[in-house]
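Peer 1: I'd like to ask you about the structure that follows.
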Amino acid sequence: MIREELTAIAALLGGFFIWNLGMFAVILVRGLKRRKEARLAEELQPVIREELANYVSGAGNLPKLQELCLRSRRDVASVLMNFQGTVSGGALNLLCEASIDLHLIDDWCTDARSRDPLRRRRAFGRLAFVCVFEPCRRIGGDLLKAALDDRDPEVRFSACRALAQIGSIAQIERLFEAALEQPLLTRILLTEELRRFAVPLCERAVMKALSSEDRDRVVACMEMLVAWERAVPVPDLHMLLRSPHRRIRLLALRLAPLVPLESADLGAIIPMLIDDDVEAATGAAVLLGRLRVEDALPTLARSLRFGDAGLARAAAEALSRMPPKGWITLEEMASSPNSLSAVLARSALDQARRRGTV
Amino acid sequence: MTLPAGIAIAVHLICAILLFSSAVVVWVAWKGCRVLRRLALATTRDDAPILLKSPGVPAVSAIALMRDDSAKSLAFGHRLAELLFPRHELVLVLDGLDEDAVEAWKREFNLASSERRSGRELPAPAVTGVYESTSFASVLAIEVAADGDAGAWNAGVNAASSPVVAFFDPDTEVVPESLLRLIRPMLEEPDLVFAVCGSAPSPAEGGGLACDIGDLEATRLWLGRCAAFAGWKNMLAPVEGSAVLVRRDAIVLAGGFAAGPLELILNLQGRASHSEKPYRTAFVPEALGRLPVPRTWSELRERLETGQRALAGALRHRDSIMDGWFALGWGLPAVVFDHFGRPLLETAVLLVAIAGLPLGLVSPSLALLVLLATVGVGIPVSMSMVVFRELADFHGSDAARLTRLLRAAIAENFGYRQLRNLWLIGGFIRR
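In order, the protein sequence lines correspond to chains A and B. Sequential numbering from 948 applies to the first sequence in our numbering. Sequential numbering from 999 applies to the second sequence in our numbering.
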């Protein structure tokens, strides 16, 4: 009995051992191939870089680049992409032209139809880069347009990036609207691409999104506006500040310093100091202090007296930014029977005076 | 029943368990390999440069407990202070330090007394001093009286002002871009991902057999407890060298720390599995904190025993972890069996075979079965770990390293494996 057991186990283990050895051989061959490729890249890439640098400066030697392409198209494409972000204008056009002359763009168009996701993504990333150049756009533009609805989010993102660089304002607006529906990560990445269109987008697309009934869409739009960190016109900010949705109110407070405020907006911010939501009230106190809104002095004093520790501290800090009236209020509060308010008022006043002295 | 017959039945049973568990180990590692391939395919784009500039990324507070002012601790503090992230702060919890040690930290980071107050959401010892750095942006240090791990960690979370907190293993060399890599899953699914664990084995370079075996150990851990567990629902927990990101509100909701980050994640996973929503912990298979590969046998032993102590420690706190032993479903019992039960059975059956053979209590064929169920199965299992790791990597390793690992995969089963069993048993039992 045990003999059969031993034979069966030994056979199983032997088979597994041989499978492992076979796999080792395969990965060893793959490792050697990679090493060979790495060595070739090490040898060729400095030469390719120099040739391409000469090419974009107008002193290029196309036959030499073609010869390098014959040795390793992969390395030429890789070095060409390394120029991304370092060249612009005429030099960028020359670089993109090189991708046509060397037929690299044809490779990428082929790869863009590949079933290998890694190869496709790389191809679309490269097409998105060179398609800023009109002749390249004629070759790869249609692929990029079709990729806007691709199943692979990375391919979709490359297509969106390309569109952000070459699209008309109508297309950019469509891109912005599409971005509002994307997951947070994609939205953050597209926000950066759309930053330079902040003002034209605010003319129509942003307004449309902010007046949407869909709360998630409004939140996404406001997050993008806050992330742009640019002065943008938002006409009805007070409506957002009075929104029944907490997240929208909080984002509106973050947006307020970036927007030219009207009296209606300030009229919406001051009552937020007595909001039941401590975070909103504290945010309002910080904002009013930063904007030095003296109309808010009585409400800030009330928040210092009756608010929780965090709100009281923010109110004291806000009052300290509004001399002399704010300082007078703090002096009065410093002798208040409420020990927390008194301590916070004294501390804020001391710090403000120190800042003033410095 | 005679004694030899009883021994034969027991040995047969143990051998069957060992063979079956080896098959499970291979299956788990294969699962890990597939998860790693899926993750590698899912994220090929490097978003770090864009995320670094974006104000839309939530702020992160990195929390570190400091229990001395040694050069190692100070260096760890510096590495955390130099993390790259759009908005982050470092919260140093100076836990039970004497005056001299606090002064050393003050000097090192130019700490000045601060008015900043900590929250009180979690039970924690009283904060006796709050300091902010005048030379580093956003470094906060809080001084607390020694009150155990849980209290100190809770004090750190109370002081943290960001919606997300990060923890790093103090033994690791933290990579500056760690937070940028870790945050990605939270941005992809902000409502569902409540924690992220990141880890990958560091490359071993030229340190002899101990170093290569250390590399194999790290591979085993990575494929199994990291990658494979990440592929099952609510089973991932940090291992040695992991970097961890957790949503602050999730920690507060869970009532804070029961002990360290491992117990916290176990508790959160236990809670998540009871939730109606598919909350999950994500895995980032990157070396975000490089845990140096052990170069000597004593370092290797220390590494194994540290892992065992952490596991045993988590089990000691099982009453404060939701679902206790089953916080990770079948994951925790399986890990305990693999790290304690299996070494115990293997050592026992080897001792019985060695002692029973000359006494005639164990037949030569039975002894051969024992050898096959331990060393015999160990060699292909170790080899398969290397194979799976290579299959998970689309780029492939250096041929010289592969050869070294193949040699180690065979050699570790003759002597090291048996010694490792003793270290694992000792590490688990010893407090």
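Backbone N, C-alpha and C define an ideal beta-carbon position, used for all residues, glycine too. Because the structure is a prediction, the values reported are computed rather than measured.
Using beta-carbon positions only, say whether residue 1320(B) and residue 1358(B) come within less than 7 Å of one another.
Peer 2: Contact: no.
Peer 1: Assign residue 1161(A) to one of two classes, buried (16 or more other C-beta atoms within 10 Å of its C-beta) or exposed (fewer than that).
Peer 2: Exposed, because fewer than 16 other Cβ atoms sit within 10 Å of the Cβ of residue 1161(A).
Peer 1: Which term fits residue 1014(B), buried or exposed, when burial requires 16 or more other beta carbons within 10 angstroms of its beta carbon?
Peer 2: Per the 10 Å Cβ criterion, exposed.
Peer 1: Taking residue 1167(A) as the reference, which of 1137(A), 1038(A) and 1144(A) has the closest Cα?
Peer 2: Nearest option by C-alpha distance: 1137(A).
Peer 1: Considering only heavy atoms of the ligand HEM, does any lie closer than 6 Å to the CB of residue 1141(B)?
Peer 2: You won't find the ligand HEM in this model; it holds no ligand whatsoever.
Peer 1: Mind pulling the chain A residues with CB within less than 9 Å of residue 1377(B)?
Peer 2: Correct list: 960, 964 and 967.
Peer 1: On a Cα-Cα basis, can you pick out the residue from 1000(A), 964(A) and 1242(A) that is closest to residue 1035(A)?
Peer 2: Minimum Cα distance to residue 1035(A) is reached at 1000(A).
Peer 1: At the level of alpha carbons, what is the spacing between residue 1369(B) and residue 1348(B)?
Peer 2: Roughly 8 Å separates the two Cα atoms.
Peer 1: Under the DSSP definition of a beta bridge, which residues are partnered with residue 1065(B)?
Peer 2: Per DSSP, none; premise fails for residue 1065(B).
Peer 1: Using the Cα positions of residue 1256(B) and residue 1195(B), report the straight-line distance between them to the nearest angstrom.
Peer 2: If you take the alpha carbons of residue 1256(B) and residue 1195(B), they lie about 19 Å apart.
Peer 1: Reducing DSSP to helix, strand and coil, say where residue 1295(A) ends up.
Peer 2: Reduced to three states, the DSSP call for residue 1295(A) is helix.
Peer 1: Between 1008(B), 1009(B) and 1037(B), which has its C-alpha nearest residue 1282(B)'s C-alpha?
Peer 2: Looking at the Cα atoms, 1037(B) is the closest of the given residues.
Peer 1: Could you tell me whether any Cβ in chain A is nearer than 7 Å to the Cβ of residue 1418(B)?
Peer 2: Output row for residue 1418(B): interface = no.
Peer 1: So which residues of chain B does residue 1173(A) contact, with C-beta pairs closer than 8 Å?
Peer 2: By Cβ distance, chain B contributes 1053 and 1054.
Peer 1: What residue from 1089(B), 1072(B) and 1024(B) has the CA that sits closest to residue 1059(B)'s CA?
Peer 2: Nearest of 1089(B), 1072(B) and 1024(B) to residue 1059(B), Cα basis: 1089(B).
Peer 1: How about residue 1293(A): is its C-beta nearer than 7 Å to some C-beta of chain B?
Peer 2: It does not; no Cβ of chain B falls within 7 Å.
Peer 1: How many angstroms separate the CA atom of residue 1244(A) from the CA atom of residue 1236(A)?
Peer 2: The straight-line gap from Cα to Cα measures roughly 9 Å.
Peer 1: Suppose contacts are defined by Cβ-Cβ distances below 7 Å. Is residue 1165(A) in contact with residue 1157(A) by that definition?
Peer 2: Yes.
Peer 1: Any C-beta of chain B within less than 8 Å: which residues of the region 1005-1035 of chain A qualify?
Peer 2: The residues in question: there are none.
Peer 1: Nearest-angstrom Cα distance between residue 1247(A) and residue 1227(A)?
Peer 2: Computed Cα separation, rounded: 14 Å.
Peer 1: For residue 1230(A), I'd like the list of residues in its chain whose CB is within less than 7 Å of its CB, leaving aside the five on either flank, ordered along the chain.
Peer 2: Closer than 7 Å at Cβ, skipping near neighbours: 1197 and 1200.
Peer 1: Please state whether DSSP places residue 1278(B) in a helix, a strand or coil.
Peer 2: Residue state, collapsed to three classes: strand.
Peer 1: For residue 1253(A), decide whether its Cβ has a neighbour in chain B, counting only Cβ atoms nearer than 7 Å.
Peer 2: No, no contact with chain B.
Peer 1: For residue 1078(A), which of helix, strand or coil comes out of DSSP?
Peer 2: Coil, per DSSP.
Peer 1: Along chain A, which residues have their Cβ under 8 Å away from the Cβ of residue 1393(B)?
Peer 2: Those are 981, listed as they occur along chain A.
Peer 1: Rank 1189(B), 1216(B) and 1191(B) by C-alpha distance to the C-alpha of residue 1202(B) and give the top, closest one.
Peer 2: Of the candidates 1189(B), 1216(B) and 1191(B), the one whose C-alpha sits nearest the C-alpha of residue 1202(B) is 1216(B).
Peer 1: Using CA atoms only, rank isn't needed, just tell me which of 1054(B), 1400(B) and 1389(B) is closest to residue 1028(B).
Peer 2: Among 1054(B), 1400(B) and 1389(B), the Cα nearest to that of residue 1028(B) belongs to 1389(B).
Peer 1: Output the distance between the C-alpha atoms of residue 1300(A) and residue 1290(A), rounded to the nearest integer angstrom.
Peer 2: In a straight line, the C-alpha of residue 1300(A) is about 15 Å away from that of residue 1290(A).
Peer 1: Could you give the first and the last residue of the continuous beta strand (DSSP E) run that contains residue 1042(B)?
Peer 2: Unbroken run through residue 1042(B): none, as it is neither H nor E.
Peer 1: Please give me, in chain order, every unbroken run of the beta strand (DSSP E) with length at least 3 that falls completely inside the region 1083-1168 of chain A.
Peer 2: As far as the region 1083-1168 of chain A is concerned, it has no whole beta strand (DSSP E) run of at least 3 residues.
Peer 1: From which residue to which residue does the beta strand (DSSP E) around residue 1185(A) run?
Peer 2: Counting along the chain, residue 1185(A) falls outside any beta strand (DSSP E), though it belongs to the alpha helix (DSSP H) covering 1184-1188.
Peer 1: With distances taken Cα to Cα, identify the nearest neighbour of residue 1130(A) among 1118(A), 1170(A), 961(A) and 1207(A).
Peer 2: Checked all of 1118(A), 1170(A), 961(A) and 1207(A); the closest Cα to residue 1130(A) is 1170(A).
Peer 1: I'd like the span of the alpha helix (DSSP H) that includes residue 1272(B), first residue to last.
Peer 2: 1259-1272 is the span of the alpha helix (DSSP H), which, as asked, contains residue 1272(B).
Peer 1: Which complete beta strand (DSSP E) runs does the region 1150-1184 of chain B hold, if anything under 3 residues is left out?
Peer 2: Taking only runs of at least 3 residues, the beta strand (DSSP E) segments lying wholly in the region 1150-1184 of chain B are 1162-1166.
Peer 1: Is residue 1190(B) near residue 1386(B), with beta carbons less than 7 Å apart?
Peer 2: Cβ distance not < 7 Å, so residue 1190(B) and residue 1386(B) don't count as in contact.
Peer 1: What is the residue span of the beta strand (DSSP E) that residue 1033(A) lies within?
Peer 2: Segment: none, residue 1033(A) is in no beta strand (DSSP E) and carries neither H nor E.
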